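Below is one structure; the comments refer to it alone.
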C-alpha cells in the first residue's frame, strides 16, 4: 500500500474545513433549539418538527450531492472546487438561521423553517465533498486517523467558541434577536475564510479515472455492502443520542445545574467542547495500542455508564458536579469520533472490493443523510419529551420539570449510546483487515 505522510500544514488545513462545518452542526444542534424556543417563541414540539422537516429534505439533497461529486471534476480534483463554490452561501446561511422575521407565529415559523432549509442545503454542498476528501488525500488508514486526530480537536475548538462565547454574548444585551444575528454575522464570515483555507491547502492525490457506474448499480452495491449498512445504522442511532443531549444542554445547564448568568452558562457549555477536544486525542492514543473497532464499542458503553452515574449522583443546583460530569461524558462519548469518520471511506472501499462497484459518491452522500436523519429524529423526540415534563420558556420550572430535564439530558442519550455499541459489534474493518483487503485486492477469507 502506498504511504503518504501529510504535512502539518495540510493536516491543519484539513481540520480547518471541519471547523467551518462544525460551527453549523453545533449551531444547528445545541443553539438552534434554544433559539427557536426561547427567542423566536416557538413551542418545543414545533421547534422539534422543524428539525425533522429539514432532515427529510436532506434525504434528497445528500445523495444527490454525493452523485454530483462522483461525476463533476475540475483541475482541482473531484472535491475541492465544491468547497470554494459553497463557502460564501454557507456563511450567509448561518447568519440567516439566527435571524427572526414576522409578526405572527405562523410567519416566524415559516421564516425559521426556510432559513434552516437554506442552511442545510448550503451545509450539504460543503459537507459531502469534505467528508470524501479523506479518501483521496492519502490511502494510508493510519495517516487518515492522524489527519482526523487534527480534524476533531480543531472542530471542537470551533465548538468551544460557538458554545461559550455566543451564549455569553447574547446575555450581555437587552435584545437577544439582535445579539444572535450579530454573533452569527461574525461567525459566518469566519466560516467562509477557514473553509477557503482548507480548499486551497489540501491536495487530492488519489485520482479515480473510471467513470462512476450507473445509479442503479451503485444502489445495488450499497444494498449488498453490510459494513456500510452497519456504519450507517450506527450513525443514525449515535446522532439521535448526541442531539437529544446537545439540544437540551443549555436548558439543563441553566434550569437543572443552576448556571444563573452568561458566565456560568459559558463555563458549563465549554465542558462539552473541551471534552470533544480531549476525546479524539485520547482516541489516537488508544487506537495505537488496541483494535479501533473495540475502542469505538467500549467508548459507547463507557458513555452510557458515565451518563447514568451523572443522573444518579448529581442533584439539582449542584453546578460543579453537573459541570464535571458533563466534561467526563463528553470526553468518553467523543473517543469514537475519529474512528467513525475514518471508517466511512473504508466501508465504502469494502463494497468496491466485495462487488467491484464503486459507489463511493452515493455512499458518502447517504452516510451524511444518516447523520442528519439521526439529528432530525432527535428533534421531535426532544420536543415531545420537553412537552411531556411540562417545560416552557416562560416562568420558573417546577421541581418535576427540573428532574425531568436530568433524565432527558442523561438517560435518554445513554440508551442510544448502548444501542450504538451493540450495532458496532457487527463491524469488522479494523486496520489489519483493511490492509489485508487492499493488499489482496479483494475481501479477506471468511469475510461477511
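Numbering (the numbering used here), first residue to last: 5 to 452.
Glycine is no exception: its CB is placed at the ideal position from the N, C-alpha and C atoms.
The structure presented is a predicted model; accordingly, all values stated were derived computationally and were not measured.
Give me the Cβ distance between residue 183 and residue 190, rounded to the nearest whole Å; I'm assuming they're in contact under 8 Å.
In the chain shown, the residue the question calls residue 183 occupies position 179. In the chain shown, the residue the question calls residue 190 occupies position 186. At roughly 11 Å, the Cβ-Cβ gap does not stay under 8 Å, so residue 183 and residue 190 are not in contact.
Flag this pair as yes or no: are the beta carbons of residue 86 and residue 133 separated by less than 8 Å?
For the purposes of this step, residue 86 is taken as residue 82 along the chain shown, with counting starting at 1. For the purposes of this step, residue 133 is taken as residue 129 along the chain shown, with counting starting at 1. Yes.
Any non-hydrogen atom of the ligand MN closer than 7 Å to residue 237 Cβ:
This structure does not include the ligand MN; it has no bound ligands of any sort.
Do residue 100 and residue 119 have their beta-carbon atoms positioned less than 8 Å apart in this structure?
The sequence position of residue 119 within the chain shown is 115, counting from 1. The sequence position of residue 100 within the chain shown is 96, counting from 1. Yes, the Cβ-Cβ distance between residue 119 and residue 100 is below 8 Å.
Specify whether the region 331 to 338 and the region 302 to 321 touch according to this definition: at least 3 beta carbon pairs, one from each stretch, less than 8 Å apart.
yes
Residue 57 to residue 65, Cα distance in whole Å?
Residue 57 sits at position 53 when you count from the first residue of the chain shown. Residue 65 sits at position 61 when you count from the first residue of the chain shown. Cα to Cα, the separation comes out at about 13 Å.
Please report the straight-line C-alpha distance between residue 405 and residue 385, rounded to a whole angstrom.
Here the question's residue 405 lines up with position 401 in the chain shown. Here the question's residue 385 lines up with position 381 in the chain shown. Cα to Cα, the separation comes out at about 16 Å.
Would you say residue 3 and residue 350 are within 8 Å of each other, going by their C-beta atoms?
The shown model of the chain, from 5 to 452, leaves out residue 3, and the question about it has no answer.
Among the residues of its own chain, which have a CB less than 8 Å from the CB of residue 105, if the five just before and after it don't count?
Counting from one through the chain shown, the residue named residue 105 turns up at place 101. Answer for residue 105: 111, 112 and 115, listed in chain order.
Own chain residues within Cβ distance below 6 Å of residue 283, not counting five before or after:
To locate residue 283, count along the chain shown from 1; it is residue 279. Only 335, 338 and 339 meet the Cβ criterion.
State the beta-bridge partners of residue 78 as determined by DSSP.
The residue labelled residue 78 in the question sits at position 74 within the chain shown. Paired residue(s): 81.
Simplified DSSP state of residue 453, which is helix, strand or coil:
Absent from the model: residue 453. The displayed extent of the chain is 5 to 452, so no value can be given.
With a threshold of 16 other CB atoms inside 10 Å of the CB of residue 210, please say whether the residue is buried or exposed.
The sequence position of residue 210 within the chain shown is 206, counting from 1. Of the residues assessed, residue 210 falls on the exposed side of the cut-off, its CB having fewer than 16 other CB atoms within 10 angstroms.
Buried or exposed for residue 41, going by 16 or more other Cβ atoms inside 10 Å?
In the chain shown, the residue the question calls residue 41 occupies position 37. Counting Cβ neighbours within 10 Å, residue 41 comes out buried, since at least 16 surround it.
Would you tell me roughly how many angstroms separate the C-alpha atoms of residue 6 and residue 148, rounded to the nearest one?
Translated into positions along the chain shown, residue 6 becomes position 2. Translated into positions along the chain shown, residue 148 becomes position 144. Bear in mind that the predicted position of residue 6 carries a pLDDT of just 48, short of 50, making it too unreliable to give a figure here.
Name the residue from 18, 26, 265 and 305 whose alpha carbon lies nearest to the alpha carbon of residue 195.
Taking the first residue of the chain shown as 1, we reach residue 195 at position 191. Of 18, 26, 265 and 305, the residue nearest in Cα terms is 26.
Hey, would you say residue 251 sits closer than 8 Å to residue 164, going by beta carbons?
Mapped onto the chain shown, residue 251 falls at position 247. Mapped onto the chain shown, residue 164 falls at position 160. Contact flag unset, no.
Segment contact, 8 Å Cβ cut-off, at least three pairs: the region 233 to 243 with the region 123 to 132:
no
Closest by C-alpha distance to residue 178, when choosing among 403, 43 and 358
Stepping through the chain shown from its first residue, residue 178 is reached at position 174. Among 403, 43 and 358, the Cα nearest to that of residue 178 belongs to 43.
When you compare the region 409 to 425 with the region 376 to 390, are there three or more beta-carbon pairs, one atom per stretch, that lie closer than 8 Å?
yes
Given residue 90, which residues of its chain have a CB within under 7 Å of its CB, disregarding the five upstream and five downstream residues?
Position 86 of the chain shown, counted from the first residue, corresponds to residue 90. Only 126, 129 and 130 meet the Cβ criterion.
From the DSSP output, in three-state form, read off residue 50 for me.
Locating residue 50 in the chain shown gives position 46, where the first residue counts as 1. In the displayed model, residue 50 falls within a helix according to three-state DSSP.
What did DSSP end up calling residue 145 once you bin it into helix, strand or coil?
As a working mapping, residue 145 is identified with position 141 in the chain shown. Reduced to three states, the DSSP call for residue 145 is helix.
DSSP state of residue 393 mapped onto helix, strand, coil:
Taking the first residue of the chain shown as position 1, residue 393 is located at position 389. Three-state DSSP puts residue 393 in coil, outside helix and strand.
With respect to the alpha helix (DSSP H) encompassing residue 278, which residues constitute its N-terminal and C-terminal limits?
In the chain shown, counting from the first residue as 1, residue 278 sits at position 274. Its alpha helix (DSSP H) spans residues 266 to 291.
Taking the alpha-carbon of residue 223 as reference, which of 198, 370, 199 and 157 has the nearest alpha-carbon?
The residue labelled residue 223 in the question sits at position 219 within the chain shown. Closest option to residue 223, Cα to Cα, is 370.
Proximity to residue 92 [Cα-Cα], best of 199, 77 and 328:
Taking the chain shown and counting its residues from 1, one reaches residue 92 at position 88. It is 199.
Taking the Cβ atom as the reference point for each residue, do residue 305 and residue 155 lie within a distance shorter than 8 Å?
In the chain shown, counting from the first residue as 1, residue 305 sits at position 301. In the chain shown, counting from the first residue as 1, residue 155 sits at position 151. In this structure, residue 155 does not lie closer than 8 Å to residue 305 by Cβ.
As a quick exercise: from 219, 55 and 82, pick the residue whose alpha carbon is nearest that of residue 124.
Working through the chain shown from its first residue, we reach residue 124 at position 120. Per the C-alpha coordinates, the member of 219, 55 and 82 positioned closest to residue 124 is 55.
Exposure of residue 264, with buried meaning 16 or more beta-carbon neighbours within 10 Å:
As a position in the chain shown, residue 264 is number 260, starting the count at 1. The residue is exposed, with fewer than 16 neighbouring Cβ atoms inside 10 Å.
State the DSSP-derived secondary structure class of residue 205, mapped to helix, strand or coil.
By one-based count along the chain shown, residue 205 stands at place 201. Correct three-state label for residue 205: helix.
Distance between beta carbons of residue 367 and residue 355, contact taken as under 8 Å:
If you number the chain shown from 1, residue 355 lands on position 351. If you number the chain shown from 1, residue 367 lands on position 363. That belief holds up - the Cβ atoms of residue 355 and residue 367 are roughly 7 Å apart, short of 8 Å.
State the Cα-Cα distance for the pair residue 446 and residue 74, rounded to the nearest angstrom.
As a working note, residue 446 is residue 442 in the chain shown. As a working note, residue 74 is residue 70 in the chain shown. If I take the Cα positions, the gap works out to 22 Å.
Whose CA, out of 343, 318, 401 and 241, lies closest to the CA of residue 378?
Residue 378 sits at position 374 when you count from the first residue of the chain shown. The shortest Cα separation from residue 378 among 343, 318, 401 and 241 belongs to 241.
Of the residues 35, 24 and 59, the one placed nearest residue 374, counting alpha carbons only:
Position 370 of the chain shown holds residue 374. It is 59.
Compare the beta carbon distance of residue 342 and residue 162 with 8 Å and say whether it is the shorter of the two.
Position 338 of the chain shown holds residue 342. Position 158 of the chain shown holds residue 162. No; because the gap between Cβ atoms is not below 8 Å, this pair is not in contact.
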